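Down below is the structure, laid out as structure tokens.
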Amino acid sequence: MLNRSIPPAFQTLEKVHLPQVQSQTLANGYQLHWLNAGEQPVIRIELIFKAGNWFETGKGTSYFTIKMMNEGTSKRSARQINEYVDQYGAFIEFNHGQDRVNVTLYTVIKHLPKLLPLLQEIVIDSIFPEKELQNLKKITTQNLKVNTEKTSYLAQTRFRELLFGEMHPYGRNLYEQDIAHIEAPQLREYYQSAIRSQACDILLCGNIDDHTLALVRNTFEQVPVTSPLPDNSFINPVVPSLPNNKETLEKEGSLQSSIRLGKRLFTRKHPDYFKMLVLNEVFGGYFGSRLMKNIREEKGFTYGISSNLVTLRKEGFLVIGTDVKKEFTGLTIDEIYKEIEILKTEPVGEEELQTVKNYMIGSFAGSLNSPFAIADNFKTIYFEGLTYDFFDHYIENILHTTAQDLLRLSNTYLQPDSMLEVVAGGR
Amino acid sequence: MIHYQQFTLDNGLQVYVHEDHTTPIAAVNILYNVGSRDEDENKTGFAHLFEHLMFGGSRNISVYDEPLQRVGGENNAFTSPDITNYYITLPAVNLETAFWLESDRMLSLSFDPQVLEVQRKVVIEEFKQRYLNQPYGDVWLKLRPLAFQQHPYRWATIGKDISHIESATLDDVKEFFFKYYIPNNAIMVVAGPVKLEEVKKLAEKWFGPIPAGKPYIRRLPAEPIQEHARYMELEASVPLDAIYKVFHIPGKSSEKYYTGDLLSDILGRGKSSRLYDKLVKETKLFNSINGYVSGSVDPGLLVIQGHLNQGVSIERGEEEINAILAEIREQRVPELELEKVKNQAESTIVFSEVELLNRAMNLAFYANLGKPEQVNQESEYIQAVSPESLQAMAREVLRKENSSTIYYRAKQ
Numbered sequence: 050m051l052n053r054s055i056p057p058a059f060q061t062l063e064k065v066h067l068p069q070v071q072s073q074t075l076a077n078g079y080q081l082h083w084l085n086a087g088e089q090p091v092i093r094i095e096l097i098f099k100a101g102n103w104f105e106t107g108k109g110t111s112y113f114t115i116k117m118m119n120e121g122t123s124k125r126s127a128r129q130i131n132e133y134v135d136q137y138g139a140f141i142e143f144n145h146g147q148d149r150v151n152v153t154l155y156t157v158i159k160h161l162p163k164l165l166p167l168l169q170e171i172v173i174d175s176i177f178p179e180k181e182l183q184n185l186k187k188i189t190t191q192n193l194k195v196n197t198e199k200t201s202y203l204a205q206t207r208f209r210e211l212l213f214g215e216m217h218p219y220g221r222n223l224y225e226q227d228i229a230h231i232e233a234p235q236l237r238e239y240y241q242s243a244i245r246s247q248a249c250d251i252l253l254c255g256n257i258d259d260h261t262l263a264l265v266r267n268t269f270e271q272v273p274v275t276s277p278l279p280d281n282s283f284i285n286p287v288v289p290s291l292p293n294n295k296e297t298l299e300k301e302g303s304l305q306s307s308i309r310l311g312k313r314l315f316t317r318k319h320p321d322y323f324k325m326l327v328l329n330e331v332f333g334g335y336f337g338s339r340l341m342k343n344i345r346e347e348k349g350f351t352y353g354i355s356s357n358l359v360t361l362r363k364e365g366f367l368v369i370g371t372d373v374k375k376e377f378t379g380l381t382i383d384e385i386y387k388e389i390e391i392l393k394t395e396p397v398g399e400e401e402l403q404t405v406k407n408y409m410i411g412s413f414a415g416s417l418n419s420p421f422a423i424a425d426n427f428k429t430i431y432f433e434g435l436t437y438d439f440f441d442h443y444i445e446n447i448l449h450t451t452a453q454d455l456l457r458l459s460n461t462y463l464q465p466d467s468m469l470e471v472v473a474g475g476r
Numbered sequence: 002m003i004h005y006q007q008f009t010l011d012n013g014l015q016v017y018v019h020e021d022h023t024t025p026i027a028a029v030n031i032l033y034n035v036g037s038r039d040e041d042e043n044k045t046g047f048a049h050l051f052e053h054l055m056f057g058g059s060r061n062i063s064v065y066d067e068p069l070q071r072v073g074g075e076n077n078a079f080t081s082p083d084i085t086n087y088y089i090t091l092p093a094v095n096l097e098t099a100f101w102l103e104s105d106r107m108l109s110l111s112f113d114p115q116v117l118e119v120q121r122k123v124v125i126e127e128f129k130q131r132y133l134n135q136p137y138g139d140v141w142l143k144l145r146p147l148a149f150q151q152h153p154y155r156w157a158t159i160g161k162d163i164s165h166i167e168s169a170t171l172d173d174v175k176e177f178f179f180k181y182y183i184p185n186n187a188i189m190v191v192a193g194p195v196k197l198e199e200v201k202k203l204a205e206k207w208f209g210p211i212p213a214g215k216p217y218i219r220r221l222p223a224e225p226i227q228e229h230a231r232y233m234e235l236e237a238s239v240p241l242d243a244i245y246k247v248f249h250i251p252g253k254s255s256e257k258y259y260t261g262d263l264l265s266d267i268l269g270r271g272k273s274s275r276l277y278d279k280l281v282k283e284t285k286l287f288n289s290i291n292g293y294v295s296g297s298v299d300p301g302l303l304v305i306q307g308h309l310n311q312g313v314s315i316e317r318g319e320e321e322i323n324a325i326l327a328e329i330r331e332q333r334v335p336e337l338e339l340e341k342v343k344n345q346a347e348s349t350i351v352f353s354e355v356e357l358l359n360r361a362m363n364l365a366f367y368a369n370l371g372k373p374e375q376v377n378q379e380s381e382y383i384q385a386v387s388p389e390s391l392q393a394m395a396r397e398v399l400r401k402e403n404s405s406t407i408y409y410r411a412k413q
């Protein structure tokens with residue numbers, strides 16, 4: 050007779066094979082990286098530029114520059130670009146981030162030769178038409194209006210603003226008046242210095258063979274490169290002082306409150322990084338975390354609550370986020386601090402710690418589920434100046450974290466009076 | 002191309018195996034053939050509430066998530082009007098844990114009253130978060146009953162009304178479980194670095210002893226042909242006026258589904274689509290607009306939804322949409338434009354097959370329709386669509402009498 054109350058035996062993965070990306074420098078200084086993986090006849094090509102909030106001078110310049118690259122070259126109108134990409138069933142994205150921006154193209158491999166010239170054109174020949182800019186500004190403003198109706202958006206943007214300061218690249222938010230001030234000449238200037246003049250990184254992944262590599266090389270090796278954009282030196286966050294580190298954005302009529310609670314921490318290079326990952330996981334990093342168990346599963350205050358360790362190139366932070374029924378706002382915050390207190394005073398039990406470690410390792414292995422995801426891991430280390438050592442020791446670092454480590458970390462990093470608390474909705 | 006092998010246990014559980022030895026991770030997908038369309042109209046939202054209860058412990062295993070996390074696995078689930086789908090990914094060396102967990106909750110839940118109380122609250126918060134606390138979030142709660150008068154697609158998966166969730170009893174839960182959560186009403190797909198023989202052995206061991214239940218035979222009222230255009234006006238504090246226009250269209254159980262799908266792509270997929278190009282880019286009447294099909298198994302909806310720019314009346318926006326619909330009814334779609342949407346559809350399929358879990362889910366979906374082979378035939382169906390069949394579809398579907406429209410006005 051089958052005994053269903055006894056779980057089957059299991060193994061902990063001790064090693065995960067992470068295929069490595071290969072790199073080559075082109076004659077003009079462009080870095081070409083590629084990963085051949087996966088069975089499907091698809092490819093993702095990314096052009097990655099050192100740009101983004103960190104490198105911009107005027108608010109919104111970087112964002113609008115990258116978005117406007119979809120809006121016309123001297124040979125093609127915005128409409129023609131869209132039609133062309135759609136005609137081949139490809140997808141193109143213009144992503145803007147804190148530390149870099151990228152143009153990403155997804156296509157089935159057979160259409161790549163048709164699409165590469167367009168990519169090149171976008172990089173060297175975007176013209177920023179006035180009409181399209183006005184339209185983009187209008188759409189961005191409207192989207193902003195929709196977003197500011199959402200408590201989660203309000204809480205999140207205000208949290209970053211208070212964490213780093215309104216002028217810091219990581220703390221800045223775009224407001225309607227910022228959008229109104231955007232003009233084409235400043236975008237053209239930024240395009241010239243951040244996109245056209247700089248050698249970028251090209252990352253290919255998917256079904257890559259020599260023929261494809263040669264095609265890409267030929268397309269981009271010709272692009273003239275002048276000077277790299279200087280990295281801004283470290284910018285100190287200037288944090289506004291708040292009574293009790295707390296702020297409430299009242300929003301009448303909202304049924305729920307969005308809570309963001311956390312503090313600045315560190316980047317992936319910090320010696321406590323891996324241990325902090327484990328602590329974050331125990332606290333609120335997965336479905337079985339303490340916050341989820343307490344606040345969703347036991348109390349039913351929310352549909353979800355999580356804590357995240359966010360790492361950017363120059364800074365990192367911890368943030369706990371949830372949307373709760375308005376009347377439970379105070380109770381939820383109390384419970385978050387209670388959980389912090391427990392982490393600071395009681396060592397995490399052996400079984401719980403083992404579960405968390407195995408879960409983290411399994412989900413790391415599981416996250417390598419496509420050529421795209423594997424290439425994303427490369428970006429993580431490459432752009433932060435790390436090596437594959439980071440991933441080679443990932444599992445080992447997690448397995449070596451002890452309950453004592455977590456106790457020490459909780460007492461070092463989770464002091465309640467160091468936490469910033471933002472609520473949008475009402476308390 | 003998704004290769005698969007199949008066997009059926011004596012209790013009726015259908016098992017599909019898709020081998021892929023390029024990954025250390027296995028995916029186990031269990032699809033129960035029950036969705037919100039199967040609900041009693043006075044107990045809506047049950048299929049979805051049930052999805053939550055499935056994580057609250059089963060007969061021999063008090064908690065579901067933790068033992069899975071302990072072996073490095075992850076899981077989730079979703080409920081649609083047509084199906085409820087549960088999935089696990091975990092290191093393939095620990096595959097048996099998935100069988101142990103899934104078979105115990107197919108055998109029986111714990112029916113713990115405390116679990117029902119908490120999940121009831123969680124679902125109510127989900128209702129608020131997704132449908133009430135978002136601008137335009139309630140539109141589908143209104144649009145469904147406008148478009149459907151008989152078919153149970155007339156209520157949303159979350160439920161018609163919060164009160165149905167509030168009043169659910171443990172007896173309701175038990176009845177629902179033993180009616181739908183039976184091996185002969187489920188499809189299991191196991192994918193990854195696994196062998197058919199190994200899966201057979203595990204399936205026999207863990208699922209074999211579960212008794213079959215009374216077969217569920219679906220008898221849903223068909224939606225009568227709509228004869229008059231329907232309208233509704235809503236007003237809420239949202240940033241922009243919006244319009245939602247839907248038309249009845251064939252569902253995934255029909256081959257004509259793909260024609261309707263491509264028709265919606267021509268109208269409203271991406272920036273080069275007719276609606277976007279004309280109304281956002283050219284005339285700038287709309288802030289955004291798109292078109293898509295609901296993708297349901299039974300006849301569903303072709304949806305056009307757009308936000309109007311400030312100062313443009315909804316009525317004006319609707320006129321312009323109607324002009325674009327008239328054009329596609331009257332003039333044949335050029336070959337090049339058809340080729341475009343075919344390329345888009347094909348590339349969507351190829352990209353959706355990149356991830357193992359997606360392949361497992363797709364296979365389960367078509368197996369549940371009784372046509373597993375269709376998972377590899379979608380491209381063929383898409384290629385078979387012609388300008389003529391597209392025009393015939395446009396004439397049949399994009400008629401005023403077949404439409405339901407909501408004017409969603411921004412409160413001043």
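Order-wise, the sequence lines are chains B and X.
Take any residue in the first sequence, note its place counting from 1, add 49, and you have its number in my numbering.
Take any residue in the second sequence, note its place counting from 1, add 1, and you have its number in my numbering.
Just so you know, even glycine gets a beta-carbon here, dropped at the ideal spot from N, CA and C.
Computed from a predicted model, the values in this text were never measured in an experiment.
Where W83 of chain B is concerned, there is no enclosing alpha helix (DSSP H), although the beta strand (DSSP E) around it starts and stops at Q80 to N85. In this structure, G121 of chain B keeps its C-beta atom at 8 Å or more from the C-beta atom of E179 of chain B.
Rounded to the nearest whole angstrom, the C-alpha separation of Y409 of chain X and P240 of chain X is 11 Å. Per DSSP, the continuous beta strand (DSSP E) segment holding H249 of chain X begins and ends at A243 to I250. According to the DSSP assignment, T90 of chain X belongs to the beta strand (DSSP E) that extends over T85 to P92.
DSSP places V123 of chain X outside any beta strand (DSSP E); the residue lies instead in the alpha helix (DSSP H), whose first and last residues are P114 to F128.
Each residue's CA atom was taken as its position, placing H160 of chain B and D258 of chain B some 15 Å apart. No Cβ-Cβ contact shorter than 8 Å links Y240 of chain B with T378 of chain B.
In the DSSP assignment, F440 of chain B falls within the alpha helix (DSSP H) that extends over D438 to D441. Straight through space, the alpha carbons of T349 of chain X and A361 of chain X are spaced by roughly 16 Å. Residue environment analysis places Q89 of chain B among the buried positions, since at least 16 neighbouring C-beta atoms fall within 10 angstroms of its C-beta.
The straight-line gap separating the alpha-carbon atoms of D148 of chain B and F440 of chain B is approximately 21 Å. Among the residues of the region 133-151 of chain B, those with a Cβ less than 9 Å away from any Cβ of chain X are Y133, V134, D135, Q136, Y137, G138, A139 and F140, in the order of the chain. Residues of the region 267-280 of chain X with a Cβ closer than 7 Å to any Cβ of chain B, in chain order: G271, K272, S273 and D278. Interface residue (Cβ-Cβ distance to chain B less than 8 Å): Q345 of chain X is classified as such. Within the region 123-179 of chain X, the complete alpha helix (DSSP H) segments of 4 residues or longer fall at 140-148 and 163-167, listed in chain order. By alpha-carbon distance to L165 of chain B, the top candidate from B:R317, B:A243, B:F269 and B:V288 is B:F269. Listed along chain B, no residue sits closer than 8 Å to N185 of chain X by beta-carbon distance, the nearest being about 20 Å off. Between the region 446-454 of chain B and the region 379-388 of chain B, the count of C-beta pairs closer than 8 Å stays below three; the two stretches do not touch.
Per the coordinates, the alpha-carbon of G214 of chain X lies some 15 Å from the alpha-carbon of L110 of chain X.
Per DSSP, the unbroken beta strand (DSSP E) holding Y33 of chain X starts and ends at I26 to Y33.
Not one beta carbon of chain X lies nearer than 8 Å to the beta carbon of T451 of chain B. Counting C-beta pairs with one atom in each stretch, the region 391-411 of chain B and the region 53-71 of chain X have three or more that are closer than 8 Å, which means they touch. Counting along the chain, K374 of chain B sits inside no alpha helix (DSSP H); it lies in the beta strand (DSSP E) bounded by residues G365 to K374. Under the three-pair Cβ rule at 8 Å, the region 304-322 of chain B counts as touching the region 123-134 of chain X. Shortest Cα-Cα distance from E328 of chain X to any of X:T284, X:L264 and X:L358 involves X:L264.
Take Y79 of chain B, set aside five residues on each side of it, and the residues of its chain with a beta-carbon closer than 8 Å to its own are A248, C249, D250, I251, F269, E270, V272 and V274, in chain order.
Residue pairing for Q305 of chain B: DSSP places it in a beta bridge opposite B:K374. The beta carbon of E210 of chain B sits closer than 7 Å to the beta carbons of G220 and N222 from its chain, once the five residues preceding and following it are set aside; these are given in chain order. At the C-beta level, L367 of chain B and L314 of chain B come within 8 Å of one another.
Considering only beta carbons, the part of the region 350-365 of chain X lying closer than 9 Å to chain B consists of V351, F352, E354, V355, E356, L357 and L358, in chain order. When the five nearest sequence neighbours on each side are left out, the beta carbons in the same chain lying within less than 7 Å of the beta carbon of K393 of chain B are those of S459, N460 and L463, in order along the chain. Chain X places no beta carbon closer than 8 Å to that of E364 of chain B, leaving this residue out of the contacts. Just so you know, the alpha carbons of I290 of chain X and G269 of chain X end up roughly 7 Å apart. Take the alpha-carbon of T316 of chain B and the one of T360 of chain B: they are about 5 Å apart. Excluding residues up to 5 positions away in sequence, I257 lie with their Cβ nearer than 6 Å to the Cβ of N85 of chain B in the same chain.
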